[in-house]
Structure formats: C-alpha cells, structure tokens
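Visitor: In this note's numbering, the protein residues as written are 11 to 198.
1) Please state whether the Cβ-Cβ distance between residue 140 and residue 185 is less than 9 angstroms.
2) Alpha carbon to alpha carbon, how far is residue 154 from residue 174?
3) Does the contact criterion of 3 or more C-beta pairs under 8 angstroms hold for the region 99 to 106 versus the region 71 to 89?
4) Residue range of the alpha helix (DSSP H) that residue 6 falls in?
5) Considering only the alpha carbon of each residue, which of 112, 58 and 54 lies closest to residue 76?
6) Which residues bound the beta strand (DSSP E) around residue 45?
7) Is residue 188 closer than 9 angstroms to residue 52 when the C-beta atoms are compared?
8) Could you round the C-beta distance between residue 54 and residue 183 to whole angstroms and report it? I think they count as a contact, below 8 angstroms.
9) So, at 8 angstroms on beta carbons, what are the nonlocal neighbours of residue 137 in its own chain, with the 5 sequence-adjacent residues on each side left out?
10) Taking 7 angstroms as the limit between beta carbons, can you name the residues of its chain near residue 68, skipping five residues before and five after?
11) When you compare only the Cα positions, how much space is there between residue 83 and residue 95?
12) Return yes when the Cβ of residue 71 is within less than 9 angstroms of the Cβ of residue 132, no when it is not.
13) Report all residues from its chain with a CB closer than 7 angstroms to the CB of residue 66; omit the five preceding and five following residues, and keep chain order.
As structure tokens, then:
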C-alpha cells in the first residue's frame, strides 16, 4: 500500500509556518525547511504499526475479492467453452449467473475501496495532526521562518540540510512512542 495514493487532502492541510512572520526575531536569519510528509508518516513507528494494521485488515477483503474474481472468470470461461455446445437456455442461465456475480464483485470492490480509504484517511488525519504539532514545535525551537511540504517531483533544488524530515520523524517517535499505543485495543 502506498501512503501517497490517498493522502493528497492530508498533505494539503499540513503546510506549516513556524509561527506568525511578525514574531520572527530580527536576530535570526531567514531559515526555510522542508518535510517530506509521506516519508515521515511511513517512517514513524506509529505510522508503520498503523499501516501494518491497515494491511492486516485489508488482506482478508483482498482475498475475498480475489476468490470472487476467480468465480467471475470461471463463469466467463464456462460460457465460452459451452458456446455452440450447450442449449440456449443453459447459456442464458450461465450469462445471468455471470452478470449477477460480476455485479456482486464490482459492488464489493467499491465497498472495499470506500472502507479502505475511510480507514486510511482516519489514520492519516490522526498521525498528520500529531505530525503537524511536532513540526510546529521543531520549527519554533530551531528558528525556522517557514517549513514547507516537500514534493520531490516538483523540486528543482534543495540543499540537503533543508530537509528536516528525519529530525521531525525522530521527534515524533520520541513524543508518541509506540509502546503507549500497544496497550490500546486494536481498531475494528
């Protein structure tokens, strides 16, 4: 699963300023930082654990959809094999079963996608709001004028020291240790 596929709305909400521009003391030079949010979310201990939980939740649904897809494929192959051999009524019945099974598959795929996206968005919102807090505190304590979301595909150049993703990830893991989450009941 890719964190990037469904996190566009969350990423848009994570653009961070280190405080009001007017509050920046004149004694500090302008300092700009970048956070690669997708990498930070995926590399926090909580993010890894929640991603694994999401994958564990999705796996049986994927297996169910794969089995249903096989049934649809088998019916299609059965129809093709019996063309010209079976009666028109038998072919019509196979076609009816095929259409019903295909619609069931499509409905379940849509429902599974909707449920998966809702669960993923809840995770991204929860971790994203905590990440926002960590970024703000890091930026303020290190006198950043602004911190922007890093999108490597749209970046022409950035000095490596401007990427504060690893520092923010470490601070996130320190502030929100995974052991505290381990005692919480798993999400259903």
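Glycine is no exception: its CB is placed at the ideal position from the N, C-alpha and C atoms. These numbers come from a predicted model, not from an experiment.
Guide: To lay it out plainly:
1) Numbered from 1 along the chain shown, position 130 holds the residue referred to as residue 140. Numbered from 1 along the chain shown, position 175 holds the residue referred to as residue 185. Contact flag set, yes.
2) Translated into the one-based positions of the chain shown, residue 154 becomes position 144. Translated into the one-based positions of the chain shown, residue 174 becomes position 164. In a straight line, the C-alpha of residue 154 is about 11 angstroms away from that of residue 174.
3) Flag = yes, the region 99 to 106 and the region 71 to 89 touch.
4) It is not possible to answer for residue 6, since the shown part of the chain is limited to 11 through 198.
5) As a working note, residue 76 is residue 66 in the chain shown. Ranking 112, 58 and 54 by Cα distance to residue 76 puts 112 first.
6) By 1-based counting over the chain shown, the position of residue 45 is 35. Start and end: 42 to 45.
7) One-based indexing of the chain shown puts residue 52 at position 42. One-based indexing of the chain shown puts residue 188 at position 178. Cβ atoms of residue 52 and residue 188: not closer than 9 angstroms.
8) For this step, residue 54 is matched to residue 44 along the chain shown. For this step, residue 183 is matched to residue 173 along the chain shown. Right, the Cβ-Cβ distance comes to about 6 angstroms (below 8 angstroms), so this counts as a contact.
9) As a position in the chain shown, residue 137 is number 127, starting the count at 1. The residues are 51, 54, 56, 57 and 60.
10) In the chain shown, the residue the question calls residue 68 occupies position 58. Here the set comprises 126.
11) For the purposes of this step, residue 83 is identified with residue 73 of the chain shown, where counting begins at 1. For the purposes of this step, residue 95 is identified with residue 85 of the chain shown, where counting begins at 1. Pairing residue 83 with residue 95, the inter-Cα distance amounts to about 19 angstroms.
12) Residue mapping note: residue 132 aligns to position 122 of the chain shown, counting from 1. Residue mapping note: residue 71 aligns to position 61 of the chain shown, counting from 1. Against a cut-off of 9 angstroms, the Cβ pair of residue 71 and residue 132 comes out as no contact.
13) Residue mapping note: residue 66 aligns to position 56 of the chain shown, counting from 1. Excluding sequence neighbours, residue 66 sits near nothing in its chain.
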